[in-house]
Structures are given as structure tokens and as C-alpha cells.
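J.: Supplied in C-alpha cells, the structure appears directly below.
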Amino acid sequence: MATYTKPALNPQTFEELIQRLKQDEQERRRAIGIVQSDGVLAFGDEYFALTDKQRDQLVEVTSDSEQAFRWKALISQGLADGIPISIIPTDRESSIDISIHTGDVDIDIHIECPI
72 MATYTKPALN PQTFEELIQR LKQDEQERRR AIGIVQSDGV LAFGDEYFAL TDKQRDQLVE
132 VTSDSEQAFR WKALISQGLA DGIPISIIPT DRESSIDISI HTGDVDIDIH IECPI
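Residue numbers are given in the working numbering: position 109 of the sequence shown equals residue 180, and the series is strictly consecutive.
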């Protein structure tokens, strides 16, 4: 029996999934059913190994019932109609390290923030 490791969610693996779903009608209908009945997070969990940050972001954007409905509608309609769907990364992390050493005082500061 072969084992299958889910890929990490990134723009390339998402595009590969969309292309695969376009070619496999039965799997596409199954994916649409997952989105419509269980939501976008369940869809992500089904096809990808989500990071904690990705999971938190999906929970956040679908926590409001109106937003959850909107995401379900957009993704399921896009899959059903073959509308191009892609992930465009917008968050990039930047880190800054500052070290100050004067006399008897040493201060080290580490800042991480999205660009």
C-alpha cells in the first residue's frame, strides 16, 4: 500500500491541485462538496499539510459567518466553473536585530514584522 504525503500549501502546489481538479471531474466534485459542506479550512486540510500560521489565517478569515459563506461560494464557484484560482503571497517576514553595548549595559532587540 502506497503512502501519500500531503504537500505544503504554496502558490505552486495550489496551482498543481487546481490543474489536477480541472482534469479529474470526480475529484473536482468531491473538492467542491468539501468546500460547500465543511468549509475552506477543511478543503485546505484535505489537500495540504497546512502550517499553524496558514491554519490560523484560514480560521481568522472564515470566523465570521458572512465571510465563511463568501469564501465557500467563491472557491466552490471557481472550482465548478473552472475560473482561474491562485494564491498570491502578500506577507513576507522581515526581522531586525539591534545590539547596543555601552559600558556595563548590553541591550539586544529582535523585531519580526510583515513587510
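Glycine included, every Cβ here is placed at the ideal spot set by N, Cα and C.
Owing to the predicted nature of the structure, the values given are computational and were not obtained by experimental measurement.
1. Less than 8 Å separating the beta-carbons of residue 110 and residue 84?
2. Taking the C-alpha atoms as reference points, what is the distance between residue 115 and residue 143?
3. Looking at residue 149 and residue 158, is the spacing between their C-beta atoms short of 8 Å?
4. To the nearest angstrom, how far is the alpha carbon of residue 106 from that of residue 123?
5. Return the CA-CA distance between residue 147 and residue 75, expressed in angstroms with no decimal places.
6. Determine whether the beta carbon atoms of residue 92 and residue 79 lie at a separation below 8 Å.
7. DSSP three-state label for residue 186, please.
8. Might you give, ordered along the chain, the residues of its own chain that have their beta carbon closer than 6 Å to the beta carbon of residue 120, omitting 5 neighbours on each side?
9. Drop a sphere of 10 angstroms on the beta-carbon of residue 186, count the other beta-carbons inside from all chains shown, and report buried for 16 or more, exposed for fewer.
10. State the CB to CB distance for the pair residue 112 and residue 130, rounded to an integer number of angstroms; the pair is presumed to be in contact (CB under 8 Å).
T.: Short version:
1. no
2. 12 Å
3. no
4. 20 Å
5. 25 Å
6. no
7. Residue confidence is low: residue 186 scores 44 on pLDDT, short of 50, so the model does not pin down where it sits. Its coordinate-derived value is still stated next. Looking at residue 186 - three-state DSSP - the assignment turns out to be coil, as it is neither helix nor strand.
8. 77 and 79
9. Here the model assigns residue 186 a pLDDT of 44, short of 50, so the residue's position is not dependable, and the following value carries that caveat. Residue 186 comes out exposed.
10. 6 Å
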